[in-house]
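Residue numbers (the working numbering): 9 to 230. Worksheet: the structure to be examined is printed underneath.
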């Protein structure tokens, strides 16, 4: 643990951000979480985040980002837009333009107020839906921009950046939080907690990673 260190986790209550929250709690002396309310498809996402933060005794901030809903219609902000994967190289209908740009910017502004230098996010470009704002090059670029904008030395950490979903499950297990994350998080685009609906792209990605990790773990234990 890094003594006298503060961190803030961008937190949705999903598998990835909850894994990052446990990672942060292991690595930093003081951890807070921030969730963004952008009138997302399922308000349960915010409720799950609140419940987990309360259970873990983590100070939790919920920030109003409803303007994003107005500016960036997608399947995550509109009930009348179908959740589907991109065709012919197009981005999935779940892509929300500018989301991570805004989330990380506001998380860093909040970090400035609480004197935290570390911002943790669960973005990943190994097993992901092709979102451009999940790429390592974007995170590094934004980190520089934020430091220049506030004349400070923030560090954006991405513990999952180069992990596939099986490796993310492995990390959860190494943190001794495998069962907690499997049962209590909400990753499903249709708002089903735990293992989810099994049909949406997010659930399929999560389940494929889980199956691969469980197979690997069983082989190691045999």
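Ideal Cβ placement from N, Cα and C applies to all residues, glycine included. What you are looking at is a predicted structure, and each value in this text was computed from that prediction instead of being measured.
Counting along the chain, residue 43 sits inside the beta strand (DSSP E) bounded by residues 36-45.
Short of 6 Å from the beta carbon of residue 169, and not among the five residues preceding or following it, lie these beta carbons of its own chain, in chain order: 132, 144. Classified as exposed, residue 140 has fewer than 16 neighbouring CB atoms from the shown chains inside 10 Å of its CB. In terms of CA proximity to residue 138, 210 leads the group 52, 210, 218.
Closest in C-alpha terms to residue 130, from the list 167, 51, 33, comes 167. Under the DSSP assignment, residue 67 falls in the beta strand (DSSP E) whose first and last residues are 67-72. Of all C-beta pairs linking the stretch 192-208 to the stretch 154-161, fewer than three are shorter than 8 Å, placing the two stretches out of contact. Per DSSP, residue 200 lies in no alpha helix (DSSP H) segment and is marked neither H nor E. In the DSSP assignment, residue 163 falls within the beta strand (DSSP E) that extends over 163-165.
In terms of Cβ geometry, residue 53 and residue 213 do not form a close pair [threshold 8 Å]. For residue 110, the enclosing alpha helix (DSSP H) starts and ends at 107-122. If you draw a straight line from the Cα of residue 18 to the Cα of residue 216, it is about 24 Å long. At a Cβ-Cβ threshold of 8 Å, residue 39 and residue 71 do not count as neighbours. Taking a contact to require three or more Cβ pairs closer than 8 Å, the stretch 57-71 and the stretch 22-33 qualify as touching.
For residue 210, the uninterrupted alpha helix (DSSP H) run begins and ends at 209-229, by DSSP. For the pair residue 125 and residue 108, the Cα-to-Cα distance works out to about 18 Å.
Judged by DSSP in its simplified three-state form, residue 131 adopts coil rather than helix or strand. Residue state for residue 173 is assigned as helix, using DSSP reduced to three classes.
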